[in-house]
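The structure under discussion appears below in the form of C-alpha cells.
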Ligand SMILES: C[S@@+](CC[C@H](N)C(=O)[O-])C[C@H]1O[C@@H](n2cnc3c(N)ncnc32)[C@H](O)[C@@H]1O
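Numbering (our numbering), first residue to last: 100 to 389.
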C-alpha cells in the first residue's frame with residue numbers, strides 16, 4: 100500500500116513538472132527496497148502494475164532494456180546508448196528528461212569507465228603485437244582507436260551476429276569475428292591448442308552463475324600463454340541504481356564483490372589482483388597464471 104502511494108506521488112511530481120526531484124526519489128526508494136527480499140518482491144510487483152511504468156517506458160533506453168528486441172538483456176546497441184549518451188530523435192520531452200537521469204547514474208558511468216579502462220590495456224597489448232582474445236565483444240568499442248588498422252592479432256567472439264556485423268563494418272577485413280557461445284569457442288580453442296597473451300571480457304560474467312564462472316576461469320587459463328593475463332569486470336552489489344535496474348529496466352545481473360572475484364581466481368590457481376573501480380559500481384579482476 101505504501102508502495103502504491105509512493106508511486107502515485109512520483110507520477111504527481113512528474114505531472115507537476117518536478118521530474119528532476121522525482122527521479123532521484125524513485126531511484127532512492129528502489130535502492131532502499133531492493134535489499135529486503137520479501138519486501139522487494141512486493142515493491143517490484145507494485146511498480147510493474149502501476150501507471151508510472153508506462154511513463155518510464157517513454158525513455159527509449161528503458162524501453163529497449165525492458166522489451167529486449169534481441170531476446171536478451173544488455174545487447175550492444177543498448178550499451179552504445181550508454182557510451183554515447185545518444186537517444187533517437189523521436190522521444191517525448193518527458194522520456195528525454197528521464198533518460199538524462201538514468202544515463203548519469205553511477206552504474207552508467209561505471210560502464211563508460213569500464214570501456215575506457217579496457218581501451219588502455221588493449222591498446223598496450225595491441226601495440227606490442229600480443230595475441231588477444233576478447234570474449235563477448237559486442238561492438239568492440241574499446242577497440243575504436245584501431246579502427247582502420249590491421250587487427251589480425253585480435254580474436255573477437257560474440258553470440259550475436261548483428262553485433263559482429265557492426266564490428267566487421269567498422270573494423271574491416273582484418274577483424275577475426277567468431278559467432279559463438281564463448282564456452283564453445285574456448286572448447287574449440289583448447290582443442291586446437293591456441294594460446295593468447297591477453298584474454299578479457301566485459302559485461303559477460305554479470306550473466307554467468309557461479310558454475311559457469313568457474314568454468315570460464317578454467318577454460319581461460321587453458322588458453323593463456325605463459326605470462327598471459329585474464330582480465331574481467333563484474334558489477335558489484337549495492338550500486339545505487341540496483342533497484343532501478345531490476346524493477347524499472349527489468350535488467351537482472353549477478354553481482355559480485357572484488358573478494359568474490361578473488362575466490363574464483365584462487366580456485367583456478369591464478370595470481371590475481373582485484374579492485375573496485377572509481378565509480379564503486381564495478382569490480383575488476385586481473386589474473387596471471389601462477
Ligand atoms: C553487455 S554486452 C557487452 C559488450 C561489450 N563487451 C562491451 O563491454 O561493450 C554483452 C555481450 O555479451 C554477449 N554474450 C552474452 N552471453 C554470451 C555468451 N555466452 N557467448 C557469447 N557472447 C555472449 C552478448 O551478445 C553481448 O554482445
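Quick reminder that beta carbons are idealized off the backbone N, C-alpha and C, glycines included.
For the pair residue 183 and residue 295, the Cα-to-Cα distance works out to about 31 Å. Listed as beta-bridge partners of residue 332 by DSSP are 301, 383.
Taken through DSSP and simplified to helix, strand or coil, residue 110 comes out as helix. For residue 369, the three-state secondary structure derived from DSSP is strand.
Sorting 340, 276, 350, 338 by C-alpha distance to the C-alpha of residue 306 places 350 at the top.
A contact is defined here as three or more CB-CB pairs under 8 Å, and the region 159-171 fails this definition with respect to the region 120-136.
DSSP lists no bridge partner for residue 186. Per the C-alpha coordinates, the member of 379, 234, 202 positioned closest to residue 331 is 234. According to the DSSP assignment, residue 236 belongs to no beta strand (DSSP E), since it is labelled neither H nor E.
Inclusion of residue 171 in the 8 Å shell around ligand 1 follows from its C-beta lying nearer than that to a non-hydrogen atom of the ligand. Residue pairing from DSSP places residue 295 in a beta bridge opposite 323. Straight through space, the alpha carbons of residue 321 and residue 386 are spaced by roughly 13 Å.
In this structure, residue 253 places its C-beta atom within 9 Å of the C-beta atom of residue 274.
In this structure, DSSP gives residue 374 an extended state, which the three-state scheme calls strand.
Of all alpha-carbon atoms in 113, 207, 236, 177, the one lying nearest the alpha-carbon of residue 218 is that of 236. With fewer than 16 other beta carbons inside 10 angstroms of its own, residue 120 counts as exposed. Taking a cut-off of 8 Å on C-beta distances, the region 325-339 does not touch the region 103-122, as fewer than three cross pairs fall below it.
At a Cβ-Cβ threshold of 9 Å, residue 301 and residue 276 do not count as neighbours. Cβ-Cβ distances below 7 Å link residue 173 to 302, 350 in the same chain, with the five nearest sequence neighbours on each side left out; the list follows chain order. Straight across, the Cα-Cα distance linking residue 106 with residue 343 is about 13 Å. Taking 4 residues as the shortest admissible run, the region 204-260 contains the following complete alpha helix (DSSP H) segments, listed from N- to C-terminal end: 205-226.
Exclusion of the five residues before and after residue 355 leaves 333, 335, 382 as the residues of its chain whose Cβ lies within less than 7 Å of its Cβ.
Closest option to residue 152, judged by alpha-carbon separation, among 352, 268, 193: 193. Counting C-beta atoms within 10 angstroms of its own C-beta, residue 304 has 16 or more neighbours from the protein chains shown and is therefore classed as buried. Not a single heavy atom of ligand 1 lies less than 8 Å from the C-beta of residue 378. Secondary structure at residue 280: coil, using DSSP grouped into helix, strand and coil. Ligand 1 never approaches residue 161 closely enough for any of its heavy atoms to be under 8 Å from the residue's Cβ. Not one heavy atom of ligand 1 lies closer than 8 Å to the C-beta of residue 276. Take residue 378, set aside five residues on each side of it, and the residues of its chain with a beta-carbon closer than 7 Å to its own are 205, 208, 209, 212, in chain order.
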